[in-house]
Amino acid sequence: MSFSHDMDDEYEKLFRRMNPPRVVIDNEACKNATVIRVDSANKYGILLDVVQFLTDLNLIITKAYISSDGGWFMDVFNVTGQDGNKVTEEEILDYIRKSLGPDSCITSSRRSVGVIPSIDHTAIELTGTDRPGLLSEVCAVLAHLKCNVVSAEVWTHNTRAAAVMHVTDEETECAITDPERLSRIKQLLSNVLKGSNITGGANTVFSHASIHTERRLHQMMFADRDYERAEDGALDAKQRPNVNVVNWCDKDYSMVTIRSKDRPKLLFDTVCTLTDMQYVVFHANIDAEGPEAYQEYYIRHIDGSPVKSDAERERVTRCLEAAIERRVSEGLKLELCTTDRVGLLSNVTRIFRENSLTVTRAEVTTKAGKAMNTFYVRDASGNPVNSKTIDSIRQTIGQTILKVKGSPEDLKPVAQESQTRFLFGGLFKSRSFVNFGLVRSYS
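Be aware that the sequence shown starts at -17, since it is given in the working numbering, and climbs by one per residue.
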């Protein structure tokens, strides 16, 4: 007798009906946070499901206590909103109860990627060796091929680059489905990703499915082995998170402790990587109430064994370090909000390239005809952007719509100039803005 995935799904549904999840939300138990308790039948990947759900709601997890020994999963999360206050909106609280409770449609993360067809856009997944101007070249190819980028997220880490870009056909504003056209897009993008550097592989994948972008980026960079540092990587040792892996022989667990500067989505990033590496978290204690976050995990591999060797211990350590570092961006932050149009992203990234800037991370979104883009850039040598480059960008885009935050030099007033000098002409309206800030981002 053979078993299908459908039979497995039906068994899971039956098991959930017999053991429905329970969600309790308490706004009185803690002085400065909302306490969310989730009790459920245990299954592999459920911790990531819950953490991903809370993170996608833009909730900050300040503390967490996790236990999943045996067949039951019990989690307690202390969460706040982005403003650091308790979550009091009844609409959001009801949504949490329904989404994590008995009627929840959350399924295991192993099957959550690439399962829902989309007619709205085509997802393009790119991995390759990072270099100055790479994003500009990719965007130029897409613009030339009449593809409009409606959203995108780009990460770079340890000389590797990964991107998930959602594109539509310029004319139909729908997903691109023609096989010949997709083949042409793949060919040209692959050539761009390979460039003249053959030290690392390059890959282009299409999907017509709804995917969790940040989840995929972690998976892509993990598969691309961005955790393998060059020998000179030791120069950055002081800036790395403190990750320690030891075996707790009495209980046959491996204990992983992580100390790092706190930032939003930190818990998601580490749990995501442990899941990708096929480790099960049996117990965990998370404390991120101060500037430094402390995470403690008791794990076993999915085969039931703790970390077996020094080589495996080193790999776990490096992969968790990489998971934390991928989202950290140092340098100049550029936020662009304006009326969207085809080729906008190509034009903006071309200006960066012409001013010798390289994009270390990017988030591109389009909503209701508005483009809302965030870029983190450094100069081509990896150094902070100097004031002359800032002035050049302001001259190109338009000084009246460009705000610079950071050092005092960047805040000096500038003379008014004619709008006819702007490269984009009337593209940026008076109500639109580009906000540049010198920051270190941990979002």
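Just so it is clear, CB atoms sit at the ideal spot from N, CA and C, and this is done for glycine as well. Bear in mind the structure is a predicted one, so any value in this text is a computation, not a measurement.
{"Asked": "Bounding residues of the alpha helix (DSSP H) (the contiguous stretch that carries Thr299)", "Found": "Asp292 to Glu307"}
{"Asked": "Three-state secondary structure assigned by DSSP to Ser242", "Found": "strand"}
{"Asked": "Straight-line gap, Arg323 to Arg335 (C-alpha atoms, nearest Å)", "Found": "20 Å"}
{"Asked": "Distance between Thr299 and Arg309 (C-alpha atoms, nearest Å)", "Found": "17 Å"}
{"Asked": "Whole-Å CB distance - Leu171 paired with Val120, under 8 Å assumed", "Found": "6 Å"}
{"Asked": "Test item: CB-CB of Ile306 and Thr252 under 8 Å", "Found": "yes"}
{"Asked": "Every unbroken beta strand (DSSP E) within the stretch 330 to 377, with a cutoff of 3 residues, ordered by chain", "Found": "339 to 349 and 352 to 361"}
{"Asked": "Close Cβ partners of Arg19 (< 6 Å) along its chain, the five nearest in sequence each way excluded", "Found": "Val6 and Val58"}
{"Asked": "Enclosing alpha helix (DSSP H) for Val205 [first to last residue]", "Found": "Contrary to the premise, residue 205 reads as Ala rather than Val in this sequence. Per DSSP, Ala205 belongs to the alpha helix (DSSP H) from Thr195 to Ala205."}
{"Asked": "Alpha-carbon to alpha-carbon, Ile167 and Lys243", "Found": "40 Å"}
{"Asked": "Reduced DSSP category for Cys254 - H, G, I as helix; E, B as strand; rest coil", "Found": "helix"}
{"Asked": "Stretch pair the stretch 278 to 295 + the stretch 37 to 47: three plus CB contacts closer than 8 Å", "Found": "no"}
{"Asked": "Asp21 (DSSP reduced to helix, strand or coil)", "Found": "strand"}
{"Asked": "Presumed contact (8 Å Cβ cut-off) between Asn14 and Thr70, rounded CB distance", "Found": "Their Cβ separation, rounded to whole angstroms, is 13 Å, which puts Asn14 and Thr70 out of contact at 8 Å."}
{"Asked": "Whole-angstrom distance between Ser311 and Leu175, CA atom to CA atom", "Found": "22 Å"}
{"Asked": "Boundaries of the alpha helix (DSSP H) in which Leu36 is found, first to last residue", "Found": "Ile28 to Asp38"}
{"Asked": "Proximity below 8 Å, CB of Asp234 to CB of Pro161", "Found": "no"}
{"Asked": "DSSP beta-bridge partners of Lys233", "Found": "Its beta-bridge partners do not exist; DSSP assigns none."}
{"Asked": "Alpha carbon of Val225 to alpha carbon of Cys301, nearest angstrom", "Found": "10 Å"}
{"Asked": "Buried or exposed by the 16-neighbour rule on C-beta atoms within 10 Å, applied to Val228", "Found": "exposed"}
{"Asked": "CB of Ala184 within 8 Å of CB of His103, strictly", "Found": "no"}
{"Asked": "Residues of its chain near Asp361, where Cβ-Cβ distance is below 8 Å and the 5 sequence neighbours each way are ignored", "Found": "Ser338, Leu339, Thr340, Val367, Asn368 and Thr371"}
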